[in-house]
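Letter by letter, the sequence shown follows residues 1 to 360 of the working numbering.
For glycine and all other residues, C-beta sits at the position ideal for the given N, C-alpha and C.
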Amino acid sequence: MADPREPRLRLLRSANIGPVTWRQLIARFGTAEAALEALPMLAARGGGRAPALADPGAVRREIAAVEKLGARYLFVDDPDYPPLLAELDSAPPALILRGRIDLAHRPCVAMVGARNASAAACRFARQLALGLAEAGATVVSGLARGIDTAAHIGSIGGGTVGVIASGIDQVFPPENAELQERIAREGLLLAEQPPGTEPLARFFPARNRIIAGLALGTVVVEAAPKSGSLITARIAGEAGREVMAVPGSPLDPRAQGCNLLIREGATLVQSVDDILEMLRPIDPRAVRAPGAGYQGQPPEDASDAERRTVTALLGPVPVSVDELIRQSGLAPALVQTVLLELELAGRLERHAGGRTSLIG
(Lines of atoms letter the chains of each structure in order from A; the text may use other names.)
(Lines give C-alpha, C1' and ligand atoms only; values in the text may rest on other atoms or scores of the structure.)
Protein backbone atom coordinates (compact mmCIF):
# COMPACT_ATOMS: atom_id res chain seq x y z
CA MET A 1 0.00 0.00 0.00
CA ALA A 2 1.33 3.45 -0.94
CA ASP A 3 2.42 5.70 1.92
CA PRO A 4 -0.03 8.67 2.01
CA ARG A 5 2.73 10.87 3.41
CA GLU A 6 4.85 10.60 0.27
CA PRO A 7 2.83 12.79 -2.15
CA ARG A 8 2.15 15.37 0.57
CA LEU A 9 5.84 15.65 1.39
CA ARG A 10 6.80 15.64 -2.28
CA LEU A 11 4.51 18.62 -2.85
CA LEU A 12 5.96 20.40 0.19
CA ARG A 13 9.59 19.74 -0.79
CA SER A 14 9.10 20.93 -4.39
CA ALA A 15 10.46 24.30 -5.55
CA ASN A 16 8.45 27.53 -5.10
CA ILE A 17 5.97 25.87 -2.73
CA GLY A 18 5.81 27.41 0.71
CA PRO A 19 3.40 26.77 3.58
CA VAL A 20 0.66 29.10 2.30
CA THR A 21 0.77 27.72 -1.23
CA TRP A 22 0.82 24.12 0.01
CA ARG A 23 -2.34 24.64 2.03
CA GLN A 24 -4.10 26.42 -0.82
CA LEU A 25 -3.20 23.68 -3.28
CA ILE A 26 -4.58 21.00 -0.96
CA ALA A 27 -7.72 23.08 -0.37
CA ARG A 28 -8.26 23.56 -4.10
CA PHE A 29 -7.43 20.11 -5.45
CA GLY A 30 -8.26 17.91 -2.50
CA THR A 31 -5.15 15.71 -2.69
CA ALA A 32 -1.44 16.23 -3.10
CA GLU A 33 -1.45 13.96 -6.15
CA ALA A 34 -3.97 16.18 -7.94
CA ALA A 35 -2.07 19.30 -6.93
CA LEU A 36 1.19 17.93 -8.31
CA GLU A 37 -0.48 17.27 -11.65
CA ALA A 38 -1.88 20.80 -11.78
CA LEU A 39 1.40 22.62 -11.08
CA PRO A 40 2.47 23.13 -14.74
CA MET A 41 -0.88 24.70 -15.63
CA LEU A 42 -0.88 27.02 -12.61
CA ALA A 43 2.71 28.12 -13.12
CA ALA A 44 2.02 28.89 -16.79
CA ARG A 45 -0.86 31.14 -15.76
CA GLY A 46 1.53 32.95 -13.44
CA GLY A 47 3.91 33.60 -16.31
CA GLY A 48 6.61 31.05 -15.54
CA ARG A 49 7.71 27.46 -15.88
CA ALA A 50 6.49 24.61 -13.70
CA PRO A 51 8.51 24.34 -10.47
CA ALA A 52 10.97 21.49 -10.11
CA LEU A 53 9.31 18.63 -8.29
CA ALA A 54 10.97 16.86 -5.39
CA ASP A 55 12.46 13.47 -6.21
CA PRO A 56 10.19 10.64 -4.95
CA GLY A 57 13.23 8.64 -3.89
CA ALA A 58 14.51 11.53 -1.79
CA VAL A 59 11.13 11.82 -0.10
CA ARG A 60 11.12 8.10 0.74
CA ARG A 61 14.64 8.39 2.16
CA GLU A 62 13.54 11.34 4.30
CA ILE A 63 10.64 9.35 5.73
CA ALA A 64 12.96 6.45 6.52
CA ALA A 65 15.42 8.80 8.24
CA VAL A 66 12.68 10.33 10.39
CA GLU A 67 11.48 6.91 11.51
CA LYS A 68 15.02 5.72 12.23
CA LEU A 69 15.49 8.72 14.54
CA GLY A 70 12.40 7.75 16.54
CA ALA A 71 10.59 10.85 15.31
CA ARG A 72 7.31 11.26 13.45
CA TYR A 73 5.50 13.66 11.14
CA LEU A 74 2.57 15.80 12.14
CA PHE A 75 0.59 17.36 9.28
CA VAL A 76 -1.40 20.55 9.68
CA ASP A 77 -4.75 18.78 9.28
CA ASP A 78 -3.92 16.16 11.94
CA PRO A 79 -6.07 16.38 15.11
CA ASP A 80 -2.87 16.49 17.19
CA TYR A 81 -1.50 19.54 15.36
CA PRO A 82 -1.20 22.50 17.81
CA PRO A 83 -4.39 24.54 17.26
CA LEU A 84 -2.88 27.98 17.84
CA LEU A 85 -0.07 27.30 15.39
CA ALA A 86 -2.57 26.10 12.80
CA GLU A 87 -4.21 29.55 12.90
CA LEU A 88 -1.16 31.15 11.25
CA ASP A 89 -1.39 31.57 7.48
CA SER A 90 2.21 30.37 7.34
CA ALA A 91 1.81 27.40 9.68
CA PRO A 92 4.20 24.58 8.70
CA PRO A 93 2.28 21.98 6.64
CA ALA A 94 4.37 19.27 8.29
CA LEU A 95 6.28 19.22 11.57
CA ILE A 96 8.77 16.57 12.63
CA LEU A 97 8.64 15.83 16.33
CA ARG A 98 9.99 13.80 19.19
CA GLY A 99 8.32 13.75 22.58
CA ARG A 100 4.98 14.77 24.05
CA ILE A 101 2.70 16.59 21.63
CA ASP A 102 0.18 17.08 24.45
CA LEU A 103 2.45 19.81 25.84
CA ALA A 104 1.66 21.95 22.80
CA HIS A 105 -2.06 21.69 23.61
CA ARG A 106 -1.67 23.24 27.06
CA PRO A 107 -1.54 27.03 27.46
CA CYS A 108 1.86 27.93 25.98
CA VAL A 109 4.10 30.92 26.64
CA ALA A 110 7.08 31.69 24.40
CA MET A 111 10.21 33.00 26.08
CA VAL A 112 13.05 34.40 23.98
CA GLY A 113 16.01 36.73 24.40
CA ALA A 114 19.67 37.45 23.90
CA ARG A 115 22.19 34.69 23.24
CA ASN A 116 24.85 36.70 25.13
CA ALA A 117 22.47 37.41 27.99
CA SER A 118 23.65 38.63 31.37
CA ALA A 119 23.79 36.24 34.31
CA ALA A 120 21.01 38.18 36.04
CA ALA A 121 18.73 37.92 33.01
CA CYS A 122 19.33 34.18 32.68
CA ARG A 123 18.53 33.67 36.35
CA PHE A 124 15.33 35.71 35.99
CA ALA A 125 14.33 33.76 32.87
CA ARG A 126 14.78 30.47 34.74
CA GLN A 127 12.62 31.77 37.58
CA LEU A 128 9.88 32.92 35.20
CA ALA A 129 9.94 29.60 33.33
CA LEU A 130 9.78 27.61 36.56
CA GLY A 131 6.82 29.67 37.78
CA LEU A 132 4.97 29.23 34.48
CA ALA A 133 5.55 25.47 34.54
CA GLU A 134 4.33 25.26 38.13
CA ALA A 135 1.19 27.15 37.07
CA GLY A 136 0.47 24.54 34.39
CA ALA A 137 1.76 26.41 31.34
CA THR A 138 4.17 25.08 28.72
CA VAL A 139 7.24 27.20 27.99
CA VAL A 140 8.30 27.40 24.33
CA SER A 141 11.74 28.52 23.20
CA GLY A 142 14.39 27.94 20.54
CA LEU A 143 17.23 26.07 22.29
CA ALA A 144 19.69 28.87 21.60
CA ARG A 145 22.37 30.03 24.02
CA GLY A 146 21.44 32.45 26.79
CA ILE A 147 17.78 33.14 27.52
CA ASP A 148 16.43 30.20 25.49
CA THR A 149 18.60 27.73 27.40
CA ALA A 150 17.62 29.28 30.73
CA ALA A 151 13.91 29.08 29.84
CA HIS A 152 14.17 25.39 28.94
CA ILE A 153 16.15 24.53 32.06
CA GLY A 154 13.65 26.32 34.29
CA SER A 155 10.59 24.64 32.78
CA ILE A 156 11.76 21.19 31.75
CA GLY A 157 10.39 19.58 34.90
CA GLY A 158 6.89 20.87 34.18
CA GLY A 159 6.71 21.15 30.41
CA THR A 160 8.86 22.72 27.71
CA VAL A 161 8.90 22.78 23.90
CA GLY A 162 12.13 23.26 21.98
CA VAL A 163 11.80 24.47 18.37
CA ILE A 164 14.97 24.13 16.30
CA ALA A 165 15.95 25.71 12.98
CA SER A 166 17.64 22.56 11.65
CA GLY A 167 16.78 18.94 11.08
CA ILE A 168 15.68 17.11 14.20
CA ASP A 169 18.95 15.15 14.19
CA GLN A 170 21.13 18.28 14.36
CA VAL A 171 22.28 20.05 17.54
CA PHE A 172 23.01 23.77 17.74
CA PRO A 173 24.72 25.07 19.73
CA PRO A 174 26.80 21.93 20.42
CA GLU A 175 26.85 22.50 24.18
CA ASN A 176 23.08 22.00 24.28
CA ALA A 177 23.26 18.41 23.01
CA GLU A 178 22.33 16.92 26.38
CA LEU A 179 19.57 19.48 26.97
CA GLN A 180 18.09 18.91 23.50
CA GLU A 181 18.03 15.14 24.02
CA ARG A 182 16.40 15.57 27.42
CA ILE A 183 13.72 17.81 25.89
CA ALA A 184 13.07 15.13 23.26
CA ARG A 185 12.62 12.54 26.04
CA GLU A 186 10.70 14.54 28.65
CA GLY A 187 9.27 17.50 26.73
CA LEU A 188 8.64 18.15 23.04
CA LEU A 189 11.21 18.77 20.30
CA LEU A 190 9.95 20.24 17.01
CA ALA A 191 11.62 20.79 13.63
CA GLU A 192 10.27 21.95 10.29
CA GLN A 193 13.31 21.08 8.19
CA PRO A 194 14.13 17.53 7.01
CA PRO A 195 16.75 15.46 8.86
CA GLY A 196 20.29 16.40 7.95
CA THR A 197 19.47 20.09 7.43
CA GLU A 198 22.04 22.31 9.10
CA PRO A 199 20.94 25.39 11.10
CA LEU A 200 21.49 28.02 8.39
CA ALA A 201 20.67 31.67 9.03
CA ARG A 202 17.70 31.69 6.64
CA PHE A 203 15.90 29.04 8.71
CA PHE A 204 15.87 31.01 11.97
CA PRO A 205 13.07 33.48 11.08
CA ALA A 206 10.95 30.48 10.07
CA ARG A 207 11.77 28.86 13.41
CA ASN A 208 10.77 32.07 15.20
CA ARG A 209 7.29 32.06 13.63
CA ILE A 210 6.69 28.57 15.03
CA ILE A 211 7.75 29.67 18.51
CA ALA A 212 5.39 32.66 18.39
CA GLY A 213 2.60 30.68 16.72
CA LEU A 214 2.50 27.99 19.40
CA ALA A 215 2.01 30.48 22.22
CA LEU A 216 -0.71 32.68 23.63
CA GLY A 217 1.97 35.25 24.33
CA THR A 218 5.69 35.92 23.92
CA VAL A 219 7.98 37.20 26.69
CA VAL A 220 11.26 38.85 25.68
CA VAL A 221 14.06 38.89 28.27
CA GLU A 222 17.01 41.02 27.08
CA ALA A 223 17.25 41.69 23.36
CA ALA A 224 19.12 44.06 21.09
CA PRO A 225 16.99 46.39 18.92
CA LYS A 226 17.49 44.33 15.71
CA SER A 227 17.62 40.85 17.23
CA GLY A 228 15.74 37.72 16.23
CA SER A 229 13.86 37.94 19.52
CA LEU A 230 12.15 41.12 18.33
CA ILE A 231 11.21 39.31 15.11
CA THR A 232 9.50 36.67 17.24
CA ALA A 233 7.72 39.40 19.23
CA ARG A 234 6.58 41.12 16.03
CA ILE A 235 5.19 37.87 14.64
CA ALA A 236 3.34 37.31 17.90
CA GLY A 237 1.81 40.78 17.76
CA GLU A 238 0.79 40.39 14.12
CA ALA A 239 -0.93 37.12 15.02
CA GLY A 240 -2.97 38.81 17.75
CA ARG A 241 -1.03 37.28 20.62
CA GLU A 242 0.25 39.04 23.74
CA VAL A 243 3.70 40.63 23.63
CA MET A 244 5.51 41.06 26.95
CA ALA A 245 8.98 42.30 27.86
CA VAL A 246 11.24 42.50 30.89
CA PRO A 247 12.62 46.03 31.35
CA GLY A 248 16.34 46.65 31.76
CA SER A 249 18.90 49.36 32.28
CA PRO A 250 19.05 51.91 29.44
CA LEU A 251 22.85 51.68 29.78
CA ASP A 252 22.84 48.00 28.71
CA PRO A 253 22.51 47.48 24.93
CA ARG A 254 20.99 44.06 25.63
CA ALA A 255 18.00 45.76 27.27
CA GLN A 256 17.29 48.28 24.51
CA GLY A 257 15.05 45.94 22.52
CA CYS A 258 12.88 45.13 25.53
CA ASN A 259 12.59 48.78 26.53
CA LEU A 260 11.62 49.61 22.95
CA LEU A 261 8.88 46.95 23.00
CA ILE A 262 7.49 48.37 26.25
CA ARG A 263 7.51 51.89 24.83
CA GLU A 264 5.55 50.56 21.83
CA GLY A 265 2.90 48.96 24.04
CA ALA A 266 4.23 45.59 25.18
CA THR A 267 3.25 44.53 28.69
CA LEU A 268 5.96 45.16 31.28
CA VAL A 269 6.91 41.97 33.12
CA GLN A 270 8.40 41.98 36.61
CA SER A 271 7.12 38.62 37.85
CA VAL A 272 5.44 35.45 36.67
CA ASP A 273 2.15 36.85 37.95
CA ASP A 274 2.35 39.62 35.35
CA ILE A 275 2.47 36.96 32.61
CA LEU A 276 -0.32 34.84 34.06
CA GLU A 277 -2.54 37.91 34.48
CA MET A 278 -2.24 38.70 30.77
CA LEU A 279 -2.92 35.14 29.65
CA ARG A 280 -5.82 34.10 31.87
CA PRO A 281 -8.53 36.08 30.03
CA ILE A 282 -7.51 34.62 26.65
CA ASP A 283 -9.46 31.71 25.19
CA PRO A 284 -7.09 29.90 22.79
CA ARG A 285 -10.04 29.07 20.56
CA ALA A 286 -10.71 32.78 20.06
CA VAL A 287 -7.25 33.65 18.75
CA ARG A 288 -7.36 34.28 15.02
CA ALA A 289 -4.39 35.12 12.86
CA PRO A 290 -4.56 37.81 10.16
CA GLY A 291 -6.19 36.35 7.09
CA ALA A 292 -7.51 33.31 8.95
CA GLY A 293 -11.00 34.11 7.74
CA TYR A 294 -10.14 33.22 4.16
CA GLN A 295 -7.01 31.06 4.25
CA GLY A 296 -9.01 27.84 4.17
CA GLN A 297 -11.21 28.79 1.23
CA PRO A 298 -10.28 26.89 -1.93
CA PRO A 299 -8.83 29.31 -4.52
CA GLU A 300 -10.99 29.95 -7.57
CA ASP A 301 -9.99 30.31 -11.23
CA ALA A 302 -9.14 33.92 -12.06
CA SER A 303 -9.60 35.69 -15.37
CA ASP A 304 -6.79 37.47 -17.22
CA ALA A 305 -8.23 40.82 -16.18
CA GLU A 306 -8.29 39.80 -12.53
CA ARG A 307 -4.69 38.60 -12.78
CA ARG A 308 -3.65 41.96 -14.23
CA THR A 309 -5.49 43.81 -11.47
CA VAL A 310 -3.71 41.96 -8.66
CA THR A 311 -0.30 41.93 -10.33
CA ALA A 312 -0.47 45.69 -10.92
CA LEU A 313 -0.93 46.24 -7.18
CA LEU A 314 2.23 44.27 -6.38
CA GLY A 315 5.79 45.55 -6.42
CA PRO A 316 9.14 45.11 -4.67
CA VAL A 317 7.78 46.53 -1.40
CA PRO A 318 5.89 43.88 0.64
CA VAL A 319 2.15 44.51 0.93
CA SER A 320 -0.40 42.61 3.00
CA VAL A 321 -2.83 40.23 1.36
CA ASP A 322 -5.63 42.03 3.19
CA GLU A 323 -4.60 45.29 1.48
CA LEU A 324 -4.54 43.60 -1.92
CA ILE A 325 -8.06 42.33 -1.34
CA ARG A 326 -9.28 45.80 -0.32
CA GLN A 327 -7.66 47.66 -3.21
CA SER A 328 -8.49 45.13 -5.91
CA GLY A 329 -12.12 44.79 -4.90
CA LEU A 330 -11.89 41.08 -5.73
CA ALA A 331 -13.00 38.12 -3.68
CA PRO A 332 -10.32 36.84 -1.28
CA ALA A 333 -10.25 33.45 -3.01
CA LEU A 334 -9.54 35.11 -6.38
CA VAL A 335 -6.67 37.15 -4.96
CA GLN A 336 -5.25 34.02 -3.38
CA THR A 337 -5.44 32.26 -6.74
CA VAL A 338 -3.37 34.93 -8.49
CA LEU A 339 -0.79 34.95 -5.68
CA LEU A 340 -0.57 31.17 -5.79
CA GLU A 341 0.05 31.19 -9.55
CA LEU A 342 2.70 33.89 -9.24
CA GLU A 343 4.50 32.01 -6.47
CA LEU A 344 4.53 28.76 -8.42
CA ALA A 345 5.97 30.68 -11.38
CA GLY A 346 8.79 31.95 -9.16
CA ARG A 347 7.63 35.56 -9.38
CA LEU A 348 6.28 36.09 -5.83
CA GLU A 349 7.93 36.17 -2.41
CA ARG A 350 5.94 35.76 0.80
CA HIS A 351 6.95 37.59 3.97
CA ALA A 352 5.97 37.46 7.63
CA GLY A 353 2.63 38.93 8.61
CA GLY A 354 0.80 37.80 5.46
CA ARG A 355 2.70 40.20 3.16
CA THR A 356 3.84 39.55 -0.40
CA SER A 357 6.08 41.19 -3.01
CA LEU A 358 7.04 40.66 -6.63
CA ILE A 359 10.46 39.24 -7.44
CA GLY A 360 12.46 41.12 -10.07
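G213 vs G187 beta-carbon contact at 8 Å: no
As assigned by DSSP and simplified to three states, the class of R10: helix
Supposed contact pair R100 and V59 - C-beta distance, whole angstroms, cut 8 Å: In fact, because the Cβ distance is near 27 Å, the residues do not count as touching under 8 Å.
Cβ contact (3+ pairs, closer than 8 Å) linking the stretch 140 to 149 and the stretch 192 to 212: yes
For V139, the residue or residues it bridges with in DSSP: V109 and T160
Simplified DSSP state of T197, which is helix, strand or coil: coil
Per-residue burial, A177 [other beta carbons within 10 Å of its own, 16 or more giving buried]: exposed
Candidates E264, E62, P92 and A2, of which the one nearest D169 by Cα: E62
Residue range of the unbroken alpha helix (DSSP H) whose run includes V321: V321 to S328
Stretch pair the stretch 342 to 349 + the stretch 196 to 208: three plus CB contacts closer than 8 Å: no
Rounded C-alpha distance that separates A65 from P195: 7 Å
Chain C contact for Y81 (CB, 8 Å cutoff): Note that chain C does not occur in the displayed structure, where there is just one protein chain.
DSSP state of L128 mapped onto helix, strand, coil: helix
Length of the line joining the Cα atoms of T267 and T197: 36 Å
C-beta contact flag for V310 and L340 at 8 Å: no
Status (buried if at least 16 other CB within 10 Å, exposed otherwise) for E242: buried
Other residues of its chain near P93: CB distance less than 6 Å, five sequence neighbours each side excluded: L12, P19, W22 and V76
The beta strand (DSSP E) enclosing R98, as first and last residue numbers: A94 to G99
contact_flag[the stretch 143 to 158, the stretch 108 to 124] where n(CB pairs < 8 Å) is 3 or more: yes
Beta-carbon contacts of L69 that lie in its chain and below 8 Å, excluding the five residues immediately before and after: R98, I168, D169 and P195
Backbone CA spacing between P4 and L36 [nearest angstrom]: 14 Å
Which residues DSSP lists as bridging V243, in chain order: T218
Helix, strand or coil at L376 according to DSSP, with G and I counted as helix: The structure shown does not extend to residue 376, since the chain spans only 1 to 360, so no value can be given for it.
Which of helix, strand or coil DSSP assigns to L84: helix
For V219 and I275, believed in contact at Cβ under 8 Å, the rounded distance: 6 Å
M364 to P173 span [Cα, whole Å]: Outside the modelled stretch of the chain, which goes from 1 to 360, sits residue 364, for which no answer is possible.
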